[in-house]
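673 is the number that this note's numbering gives to position 676 of the sequence shown; each next residue is one higher, with no gaps. Built from N, CA and C at the ideal position, the CB exists for glycine as well. Structure record follows, encoded as structure tokens.
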Amino acid sequence: MKLATYERLRIAEKAAVYRRHDAQFADWACGSSIVEHSDLTQVRVYELAELLAKRGTVPTAGWVFEKLIAADRLTSAAMWLVVHMTYAKRVRLSGQALEAADFKTTPEGHTGGSLNMVPAYVGYLTANLVSAMTRSWIMGQGHCVAAIEAVNTLVGNLSPEQRERYSFSEAGLSQLVADFYSYAIRPDGSPAAPIGSHVNAHTAGGLFEGGYLGFAELEYVHMPLPGESLVAFLSDGAFEEQRGSDWSPRWWRAHDSGPVMPIMILNGRRIEQRSAVTQDGGADWLRTHLRQSGFDPIDIDGRDAAAFTWAILEMESRLTTSSEAIRSGTLRYPVPLPYAIAHTIKGYGFPGAGSIQAHNLPLDGNPSTDAAARRSFNDGAKRLWVAPEAVREAVEAFSIHAAQKRHKEADHRLATRSVAIPSLPEPAWRSPGETTFSPMGAIDAYFVDLVRANPGLRPRVANPDELQSNHMGETLKVLKHRVNRPEPGVPEAIDGSVITALNEEAVIGAVLGNKGGINLAVTYEAFAVKMLGALRQEMIFARDRREVGRPSGWISVPVIVTSHTWENGKNELSHQDPTFAEALLGEMSDVSRILFPADANTAVEALRSVYTRTGQIACLVVPKRPVADVFDAEDSRMLVSRGGAIVAGDVSESAMQLVAIGAYQLREALRARQRLESRGCRACVAYLFEPGRFREPRDAMEEQVVARDEELRSLFPAVLPRIFITHTRPEPMIGVLRRLEAGRVPSRFAGFRNRGGTLDIFGMLFANRCTWAHLVQACAELLGAAPQGMLEPNEIAALAGNGDPRAIF
């Protein structure tokens, strides 16, 4: 942070005046062995305290300075605990040097970043304390969890299972440091310690793992509802991870969101080298970039908790002022979004700070075996140590939530989000017959009705592609693209609810962040793969919360993949890719649902079923082109409820079963059955709407959502040979559905074979050997029958690659 010489002198003189004027302020301003307060921070803090006292928020300005002295002590004590978490098996509250036997043989921890996060998190707690308001927090760099757990343990801000295990005592803190990276495991295979390498379901107040860097940057602006406030801790390393973090000013609106306060920890280093920000010019470059993107950058001292406290309250104030200006008409969107740049060096406060190894293990050796490293640790820890009595006094200063009538930080608004199941209007059901209709068109109409029926739920639609092209025109017309300068004649609005950017990571962040509302994501199937990291992180965290008895309360999020593999033939093979559904099939079925609607009715019922649940991600593979109406209202409800159904034929009278997964696959299976029946082969067709319901359960939680054996066998008798035809590649589905295979009954799988190009639907089916005729041929082979008895000569020639493919059109 660069200030002109005159400005520096003016600030220094002002700070000196304040110190002479107020003894309590001077006591705080002198700092400690590890915590120093710059002149600029002193001036900012003094004027903040005076303002808070004038408003009546605090008893006196001196009261604020007392709390800040407590914050300094808490900062040092937490940093001392962090380095013990990395290197030691125990602590000595007396500050006595540790011996070789006290150290871990294999130390582990993201020590430098965690040390940097301590003053940031303490500053957040202090901002809540001096304003008597509990804000929410999110940390993008989840590997810095040691900072959060250390501070939380000291102040007693713990989850129930942590409270039983950790406390501010030598035994309790020793248990904490021993648990960190202990790799202890329970008999059921789950981790034994309620602390992990990243923010997890045990972390008090944690709502985001932060294991996939860059996604917090994309989500934070969409998180708080009106009346809520969020502090987002970000890193300069993650800044270069995902595009879209600099678009936040495009999306923030005062009428539908609470204040967001992003804070970047600018320590200059990522894992093995300097960060790109540092290489490009450091804070000066970043400041310019932020201003160009619509942010209002604020420089602070990243080594000082008080600087973070000031920044949080200052950013909130600036955003509130901007909101008032918007309402009065004196300011237009985008508002300058305050953004704090916290200057520090990686691992500040401990030996090795600023070096490459500061990221992980800052010492030049292992203290358990290296005497020099041991001396270095003990010297560094001694500088951070705070007497237990002083720590207890600091903790008491922070423990006044009840008196202030506010929640503890473990229970902040976003961490305890619980949303009621929305009102679900009755769909406009279609009658099966010869008619065809676009399933995406049906979803479009229903989603608009759903939004109108739930005015209290903030809607967000993630759109990285083309809503109009994907048959979501009514949704676009009603909700509109969110922009700052609407173009006449285009469905755009300042308050639009459709978040559009040609970037899958950025737009999926909008719906994942909107956990207080109702969401929908629509994308080309091939490009949904770019969303996987963000979605997997959400599913993992939601499942972890369920395992510890605190299930997530946000309404489940449907991700609709359309313009999909089989109907996107007008483009090349890059646009024909079922990887997204295949990858989600690998996740646990109680949090990851993969649904294959067959027609308009089942598409709408699938969407309805997603919104009746919480804490799940659901992939809906939906055709946008018109397909035949197969299921009526009652059949659709039954299909979605059971996960599968018999569509045609009688399983008890059939010699062959065709199992379809996907709308176009069902069409081919029904055509194949028609030919088989016409040639004297009795066959039935089953449709698998939710394949994950029929898998072999992998644990007790998944067992609760999969079909029971009797349900499975009612649809898939053990005695019938089967042909599976799936929207996905066959291999992943073979693994998922191995439970359907019983005894020695043979089966075959057809699906996407990585064949494609500029082809129509029939061309895609033919190229991947998935037409009705290919299914008939496979049935003949399974039954030991001659193909000539079921197919015409020109059809056989086409299948053999010697004739005209259109013979089987």
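Worksheet item: Thinking just about the alpha-carbon of each residue, which of Phe524, Trp382, Ser744 and Gln239 is nearest to the one in Leu95?
Response: Trp382
Worksheet item: Can you name the residues that DSSP bridges to Tyr684?
Response: Ala642 and Ala657
Practice prompt. Specify whether the stretch 555 to 572 and the stretch 230 to 245 touch according to this definition: at least 3 beta carbon pairs, one from each stretch, less than 8 Å apart.
Written response: Here the stretch 555 to 572 does not lie against the stretch 230 to 245, with fewer than 3 beta-carbon pairs under 8 Å apart.
Worksheet entry | Complete beta strand (DSSP E) runs within the stretch 330 to 376 (minimum length 3 residues, chain order) | 334 to 340
Worksheet item: Which residue's Cα is closest to the Cα of Phe205: Arg766, Ser549 and Ala697?
Response: Selected option, being the one with the closest Cα: Ser549.
Worksheet entry | Rounded C-alpha distance that separates Ala280 from Glu484 | 35 Å
Discussion item. If the criterion is Cβ atoms closer than 8 Å, does the pair Pro555 and Val607 meet it?
Written reply: yes
Worksheet item: Bridge partners of His478, per DSSP?
Response: Glu489 and Val495
Worksheet item: What separation, rounded to the nearest whole angstrom, lies between the Cα atoms of Gly241 and Glu390?
Response: 44 Å
Worksheet item: Within 7 Å: the Cβ of Phe538 and any heavy atom of the ligand ADP?
Response: Absence of the ligand ADP from the depicted structure is noted, as is the absence of any ligand whatsoever, leaving it without description.
Worksheet item: How would you call Thr366, buried or exposed, if buried means at least 16 neighbouring beta carbons within 10 angstroms?
Response: exposed
Worksheet item: Curious, which full-length beta strand (DSSP E) runs of at least 3 residues does the stretch 113 to 155 contain?
Response: With a minimum length of 3 residues, the continuous beta strand (DSSP E) runs that stay inside the stretch 113 to 155 are 133 to 136.
Practice prompt. Would you decide whether Asn154 is buried or exposed? Buried here means 16 or more other CB atoms lie within 10 Å of its CB.
Written response: Its Cβ being crowded by 16 or more others within 10 Å, Asn154 is buried.
Worksheet item: Cβ of Pro594 within 8 Å of Cβ of Ala603?
Response: yes
Fill in: the stretch 539 to 548 touching the stretch 730 to 740, judged by at least three CB pairs closer than 8 Å
No, because fewer than three Cβ pairs between the stretch 539 to 548 and the stretch 730 to 740 fall closer than 8 Å, the two stretches do not touch.
Worksheet entry | Residue from Asp629, Gly169, Arg284 and Arg70 with nearest C-alpha to Pro429 | Asp629
Worksheet item: For the alpha helix (DSSP H) that Asn467 lies in, which residues bound it at each end?
Response: Looking at the DSSP string, Asn467 is not in any alpha helix (DSSP H), and its letter there is neither H nor E.
Item to complete: Buried or exposed for Gly186, please, with buried defined as at least 16 other CB atoms from any protein chain shown within 10 angstroms of its CB.
Response: exposed
Fill in: Asp19 versus Ala26: straight-line alpha-carbon distance, rounded
10 Å
Fill in: Identified DSSP bridge partners for Tyr521
Thr559
Discussion item. DSSP three-state label for Ser711, please.
Written reply: Three-state DSSP puts Ser711 in a helix.
Discussion item. According to DSSP, simplified to helix, strand and coil, what is Ala777?
Written reply: Helix, per DSSP.
Worksheet item: Do the CB positions of Leu421 and Leu447 come within less than 8 Å of each other?
Response: Cβ atoms of Leu421 and Leu447: closer than 8 Å.
Item to complete: List the endpoints of the continuous beta strand (DSSP E) containing Val257.
Response: Going by DSSP, Val257 is part of the beta strand (DSSP E) stretching over Val257 to Leu263.
Worksheet item: Which residues in the same chain as Val119 place their Cβ atom closer than 8 Å to its Cβ, once the five residues preceding and following it in sequence are excluded?
Response: For Val119, same chain residues with a beta-carbon under 8 Å away, outside a window of 5 residues either side, are Ala68, Leu71, Thr72, Ala75, Val148, Ala302 and Phe305 in chain order.
Worksheet entry | Unbroken stretches of the beta strand (DSSP E), 3 residues or longer, contained in the stretch 559 to 635 | 589 to 592 and 614 to 618
Item to complete: Indicate whether Val61 and Leu49 have their beta-carbon atoms separated by less than 8 Å.
Response: yes
Discussion item. Measuring straight from C-alpha to C-alpha, what distance separates Thr432 and Asp441?
Written reply: 19 Å
Discussion item. Contact between the stretch 282 to 296 and the stretch 208 to 216 is defined here as three or more beta-carbon pairs at a separation below 8 Å; is this criterion met?
Written reply: Short answer: they don't touch.
Worksheet item: Under a Cβ-count criterion, where at least 16 other Cβ atoms within 10 Å of its own Cβ denotes burial, should Tyr180 be classed as buried or exposed?
Response: By the 16-neighbour rule on beta-carbons within 10 angstroms, Tyr180 is exposed.
Worksheet entry | Under the three-state DSSP convention, the category Ser649 falls into | helix
Worksheet entry | Spatial distance of Ala368 from Leu360 (CA atoms) | 12 Å
Fill in: Spatial neighbours of Asn516 in its chain, beta-carbon cut-off 6 Å, leaving aside the 5 residues before and after
Arg457, Val508 and Val554
Worksheet item: Whose CA, out of Met698, Phe691, Phe713 and Pro714, lies closest to the CA of Ala704?
Response: Phe691
Practice prompt. Report the residue ranges of all alpha helix (DSSP H) runs contained in full by the stretch 375 to 438; include only those spanning at least 4 residues, in chain order.
Written response: 385 to 395 and 398 to 401
Fill in: Cutoff 6 Å; reference Gly169; Cβ partners in own chain excluding five residues on either side
Tyr163
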